[in-house]
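What follows is a short report on a single structure.
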Amino acid sequence: MFNGASIELKDVPILQKSDFRVRVIGACNEEGARLANFFGTEQDDKSVRLFALLAFDEESSLEMISTIINREDFSFDSLTNELLQAHYFEREIAEQFSLDIKNHPWLKPLRSHTKGTYSFYHIDGEDVHEVGVGPVHAGIIEPGHFRFICHGEEILHLEIRLGYQHRGIEPMMTGLDLHRNVLLSESIAGDTSIGHSLAFCEVCEALSGSVIPSRAQAIRAIALELERLSNHVGDLGALSMDAGFLPVSAYCGRMRGDYLNLLLALTGNRFGKGLCRPGGVLFDIDAEMAEDFYRKLKKYKKDFENVSDLLFTKPSVLARFEGIGVISSDQAKKMGLVGPVGRASQIERDVRIDFASGMWQFNHVPISLGATGDVFARAWVRKQEAMRSLEFLLKILPCLPKGEIFIKPGPMKSGQLAISMVEGWRGEIIHVGITDDHGGFKRYKIKDPSFNNWFGLAQAMRNQEISDFPLCNKSFNLSYAGHDL
Amino acid sequence: MRIIVFSIILHWLIVLGCSPLFVGIINRVKAVISGRRGPSIFQPYFDLFRLMQKQQIYSRTTTWVFRATPAIVLASMLCVALIVPFGKIAAPIRFSGDIILVAYILALARFFMIISALDTGYSMEGMGASREAFFSCLAELVLFMNFITLAILVKKVSLSQMIGSDVPLLWSTVGAVLIMVVVSFFVVLLTENCRIPIDDPETHLELTMIHEVMILDNSGVDLAYILYASAIKLFIFAAILVPIIIPFKTGILWSDMCVFFAGMTGLALLIGLVESGMARLKLNRVRNFLLIAFALAFFGFIVTLWRI
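Which chain is which? The protein sequence lines are A and B, in order.
To convert, take the position in the first sequence, counting from 1, and add 1; that gives the working numbering.
To convert, take the position in the second sequence, counting from 1, and add 1; that gives the working numbering.
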């Protein structure tokens, strides 16, 4: 299978429970695959079919396998002990279907807040103290509860409790028509509207078998890179704000606005809502606008070079960034981290390269890697990616493909399964759509990159100073809404 | 008697009137360097005025300690202000050994801040309190070292004389010592007033705060008192430092006053520049930073002993 593929649901191999387990663990631990997605869907006879999407990054191939859990023996032996990447996925499955996941080492509710079901890890001892932060935070960030177990200023353990933003987007996606679905997909995570709506559109296009015009693909790519730029630049500003370095934070705040204003000029919305629709895009870039964008981006690139030089050459800033919240390459691989966070720990993984679709098939953006896995590496990867996005934009803006920007997609085929992967600014977004007999969605599975990376944040904070948490948290900058769905 | 009352009132008017302006100048400098227009330099006055009109809210876990602290802190700062001369305006209260009183009234205020933070029962305020206690212990060492050096140099133990008319003469003889005193005292000033690189007065992140986290539960008039007290404290520290830095006196009241206030403005600019020019220190490096200041102060002390 490939990114943007649609196959008959009945062609997805169904394995025995034990074979399924062996295959997933074998592929991941020996053949260099990773568990990109793992989810269940309830079938008509009340049994649950589990799907695992194995991604072979090096070969750019995907493999989908499944197994059926009958109601008579409604249990599944946990993969987590052998395969840490499965940790969150299994907790999600256990919560969604009340499936008995056996021997899971950390089987706690993921999003549900039913009273009395959650117990925090606890360490006894006179010198140990607990600090609880949230769910209501200072500043304008989303809700989440962080429970630190500290010894003095040192964090021994951090437990992150989310789910406060759970809106039930996945079930909502199945009941609506396409026009409303796409609006919903734009609201999965407000700062990734283009990433998620793009993934949704690609699922629909795969299911209806339509090929969208290359001009529309180019405009989608431009919008996605503008979204990446605005967020990466904003993140660098937020990082320097947390390090107490005010000038760069103010400059970056302004520069983030520049990129958002380009999106505003293109789509009429600062976050690019209303651009991507199944079948293409709704707004075109005319010659004048392309020239204007090109000129502005040239200038923004110079601005960004200056400001990032100021940030990355300041010894007092580097002293704050270096060696904080280190995640080794090995840890990152085990946890299956994606996006800039993974790349900062030397995980060479980028959907734009590994599973290129649309415009990226013809324009390669080099992967930006960090070496050290600390806050510095995560900041540096963001800087590199922003530079490369700018280069990419400057390359394709003068030579946009000609033609239509929208074709009306046909009806979606019935009994199909389609996958789309998009490298959003946080990392790999995966949408999987399964259609019913009438061509409507029977199951829609969304995986935001934050879902992979939240556990990484908790691990990165071990044995760090509690006062460094905000900085480390900013360097991950994960989405609460994207996780909670 | 009437003269003393008059001079006390004058002192209070200066300190109450000018201290928010000092903060306002720092904030404005930071804003301008960041490329923003920034709030008016009179914004701290408006903030205080707004807070004065607001109602306080007390948590059920707090006791009288929490309620009394803002008043105690503000009163302490007003008392300390009376011992510090402002340029040519002599301190209303001065006697041999008054520096000890200055140091311990400041300590009293800090003590109440710390137990008031503990009184709220909030784990993060407790953390802030422990950081404040630790760092101010180190800062106090530097402060006393500097006071001792100055006292030996002018052979007096009264603050009014230690930073008084004898200091300009010292620059020509023991300038090196004074430089060390000035630098290490500047570090104390930054630490005691929770400025960057030790603390960040503008952060909203409870986990990294030192001083700010301790006043999270205060509201309304209480908060205004504490903010006012912080502004006064910064003003007092600056008023101690400025006469040491400015190595000349004209002898005319008005021109000396102008020099003093120009010096204060210059110091506010300098603090703003330092805050814009560097990031905050990692929390466990703060102690090294303070120990470096102590080393400087101690070295100054040794040189003083050797010269005399």
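We put the CB at the ideal spot given by N, CA and C, even for glycine.
For residue i, decide whether its Cβ has a neighbour in chain A, counting only Cβ atoms nearer than 8 Å.
i: B/T209; result: yes
i: B/L284; result: yes
i: B/A280; result: yes
i: B/P45; result: no
i: B/L190; result: no
i: B/R37; result: yes
i: B/S277; result: yes
i: B/M215; result: no
i: B/L206; result: yes
i: B/I100; result: no
i: B/D201; result: yes
i: B/I26; result: no
With 16 other CB atoms within 10 Å as the buried threshold, where does residue i fall?
i: B/T251; result: exposed
i: A/H233; result: buried
i: B/M53; result: exposed
i: A/E93; result: buried
i: A/R35; result: buried
i: A/G488; result: The structure shown does not extend to residue 488 of chain A, since chain A is modelled only from 2 to 486, so the question has no answer here.
i: A/E107; result: The amino acid at residue 107 of chain A is misidentified as Glu; the sequence shows Trp. Exposed, by the Cβ-count rule.
i: B/R61; result: exposed
i: B/L14; result: exposed
i: B/A294; result: buried
i: B/C138; result: exposed
i: B/M2; result: exposed
Quick check on this structure: which residue in the options has the alpha carbon closest to the alpha carbon of residue i?
i: A/I430; options: A/N262, A/G145, A/Y89, A/H484; result: A/H484
i: A/M360; options: A/L283, A/F39, A/R216, A/E466; result: A/R216
i: A/K18; options: A/E323, A/V49, A/E160, A/R257; result: A/V49
i: B/D1; options: B/V143, B/V155, B/T63; result: Since the first and last residues shown for chain B are 2 and 309, residue 1 of chain B lies out of range.
i: A/S61; options: A/K448, A/D310, A/N4; result: A/N4
i: A/I220; options: A/E405, A/S186, A/I70, A/C253; result: A/E405
i: B/Q56; options: B/Y226, B/L292, B/R29; result: B/Y226
i: A/L100; options: A/G41, A/T115, A/A87, A/D125; result: A/G41
i: A/K446; options: A/L159, A/T175, A/V134; result: A/T175
i: B/E207; options: A/S79, A/L227, A/L394, A/F470; result: A/F470
i: A/P536; options: A/A320, A/W381, A/D355, A/K315; result: Missing from the structure shown is residue 536 of chain A; chain A here goes from 2 to 486 and no further.
Please name the residue or residues paired with residue i in a DSSP beta bridge.
i: A/E43; result: A/V49
i: B/F87; result: B/I90
i: A/S421; result: A/H432
i: A/D101; result: A/S76
i: A/K448; result: A/I431
i: B/I9; result: Its beta-bridge partners do not exist; DSSP assigns none.
i: A/M242; result: Answer is none; A/M242 lacks a bridge partner.
i: A/V134; result: A/F147
i: A/M65; result: A/L54
i: A/V282; result: A/C277
i: A/R162; result: A/H146
Which whole-angstrom value is the C-beta distance of residue i and residue j, which I expect to be below 8 Å?
i: A/R162; j: A/Y119; result: 7 Å
i: A/A207; j: A/S421; result: 6 Å
i: A/E466; j: B/L107; result: Not a contact, Cβ separation roughly 28 Å.
i: A/L418; j: A/L10; result: 5 Å
i: A/F305; j: A/M256; result: 6 Å
i: A/L247; j: A/K297; result: Contact flag wrong, Cβ pair sits at about 26 Å.
i: B/L76; j: B/L83; result: The sequence given here places Ala at residue 76 of chain B; Leu does not occur at that position. Actually they are not in contact, since the Cβ atoms of B/A76 and B/L83 sit about 11 Å apart, beyond 8 Å.
i: A/V339; j: A/P450; result: 5 Å
i: B/R281; j: A/G245; result: 3 Å
i: A/I195; j: A/A224; result: 5 Å
Any beta-carbon of chain B closer than 8 Å to the one on residue i?
i: A/D259; result: no
i: A/R24; result: no
i: A/Y252; result: yes
i: A/I467; result: yes
i: A/K47; result: no
i: A/S317; result: yes
i: A/D263; result: Residue identity differs from the one stated: residue 263 of chain A is Leu in this sequence, not Asp. So no, A/L263 is outside the interface.
i: A/D243; result: yes
i: A/L479; result: no
i: A/P136; result: no
i: A/V382; result: no
i: A/F313; result: no
i: A/H130; result: yes
Using a Cβ-based criterion (distance less than 7 Å to any ligand heavy atom), does residue i qualify as near the ligand GDP?
i: A/F21; result: Of the ligands one can find in the structure shown there are none, so the ligand GDP has no counterpart to examine.
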